[in-house]
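Notes follow once the structure below has been shown.
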Amino acid sequence: MQPQKLYLVHAGVSGKQLNPQPFIEEQNPSKPCMTIENIKENIGDSYFWASVDETTDRCDRYIANIVVGKLDSTGPSSPHLIASRVLEVANSSTIARVVHDSLRVLWPSENNDEKFMVLLTDSVAYMLKAGASLKVFYPKLIHVTCLAHTVH
Numbered sequence: 094m095q096p097q098k099l100y101l102v103h104a105g106v107s108g109k110q111l112n113p114q115p116f117i118e119e120q121n122p123s124k125p126c127m128t129i130e131n132i133k134e135n136i137g138d139s140y141f142w143a144s145v146d147e148t149t150d151r152c153d154r155y156i157a158n159i160v161v162g163k164l165d166s167t168g169p170s171s172p173h174l175i176a177s178r179v180l181e182v183a184n185s186s187t188i189a190r191v192v193h194d195s196l197r198v199l200w201p202s203e204n205n206d207e208k209f210m211v212l213l214t215d216s217v218a219y220m221l222k223a224g225a226s227l228k229v230f231y232p233k234l235i236h237v238t239c240l241a242h243t244v245h
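Just so it is clear: in the sequence shown, position 59 is 152 by my numbering, and no numbers are missing.
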């Protein structure tokens, strides 16, 4: 028996009283995820933005997460995580490469370079340099930084 069931039986609460169905429906890991095709369909032919952030996990590995969304004049769009990659080192070239490669996964054969309009990062030096490097591939790119590292 599972420990949860023992706890519930001991507490005198039946499974019917709990109604776990809403939780199961919301938290079900086998529920279909948004695939790359769904993300491409959601963004369509629109201009889009991307955000990249780097963090260090508990094993001291550098992890870069790339999120994209549609630029929509009617309101904010839903963000979509398209990549979470382990980096050997966090510097401008690895960040620029992971962003470029992640966008190629999303659009492998289509030329959407003109549609990538906004890159959002923090303002740490290597992100600024990565943004400048990406402007070579994406001529209309505007690099927007947050103030996270300017206070220090």
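C-beta atoms are modelled at their ideal positions from N, C-alpha and C, and glycine is treated no differently.
(message) Using CA atoms only, rank isn't needed, just tell me which of Val-145, Thr-238 and Pro-172 is closest to Val-179.
(response) The option with the nearest alpha carbon to Val-179 is Val-145.
(request) Please check the pair Ile-175 and Val-211, which I expect to be a contact at CB under 8 Å, by giving their CB distance rounded to whole angstroms. (result) Actually they do not touch by this definition, with Cβ atoms about 15 Å apart.
(request) Identify every residue that forms a DSSP beta bridge with Trp-142. (result) As computed with DSSP, Trp-142 is found in a beta bridge with Gly-162 and Val-211.
(message) For Ile-156 and Ser-166, what's the separation of their Cα atoms in angstroms?
(response) Cα to Cα, the separation comes out at about 32 Å.
(request) Return the residue from the list Tyr-140, Tyr-219, Ile-129 and Glu-147 that minimises the CA-CA distance to Arg-208. (result) At residue 208 the sequence reads Lys, which differs from the Arg that was named. Nearest option by C-alpha distance: Tyr-140.
(message) Could you give the first and the last residue of the continuous beta strand (DSSP E) run that contains Val-178?
(response) Per the sequence shown, residue 178 should be read as Arg rather than Val. Its beta strand (DSSP E) spans residues 173-180.
(message) Looking at the secondary structure, which residues open and close the alpha helix (DSSP H) in which Val-229 lies?
(response) No residue range can be given for Val-229, since it is assigned to no alpha helix (DSSP H) and is classified by DSSP as neither H nor E.
(message) Less than 8 Å between C-beta atoms, sequence neighbours within five positions excluded: which residues of the same chain meet that for His-193?
(response) Hits under 8 Å: Leu-227 and Phe-230.
(message) Can you find the residues in the same chain that come closer than 8 Å, C-beta to C-beta, to Val-198, ignoring five residues on each side of it along the sequence?
(response) Around Val-198: Ile-129, Ile-175 and Ala-176.
(message) Can you give me the C-alpha to C-alpha distance between Asp-215 and Pro-172, rounded to a whole angstrom?
(response) So the two alpha carbons sit approximately 17 Å from each other.
(request) Quick one: residues in its chain with C-beta nearer than 7 Å to the C-beta of Leu-240, no 5 flanking neighbours on either side, listed in chain order? (result) Excluding its 5 nearest sequence neighbours in each direction, Leu-240 has C-beta neighbours in its own chain below 7 Å: Ser-216, listed in chain order.
(message) Just verifying my parser: in three-state terms, what is the DSSP assignment at Ala-203?
(response) One detail in the question is off: residue 203 reads as Glu in this sequence, not Ala. The answer is coil: DSSP assigns Glu-203 none of H, G, I, E or B.
(request) For Val-237, name the three-state secondary structure that DSSP assigns. (result) Residue state for Val-237 is assigned as strand, using DSSP reduced to three classes.
(request) With DSSP as the reference, label Ala-183 as helix, strand or coil. (result) It is coil, neither helix nor strand.
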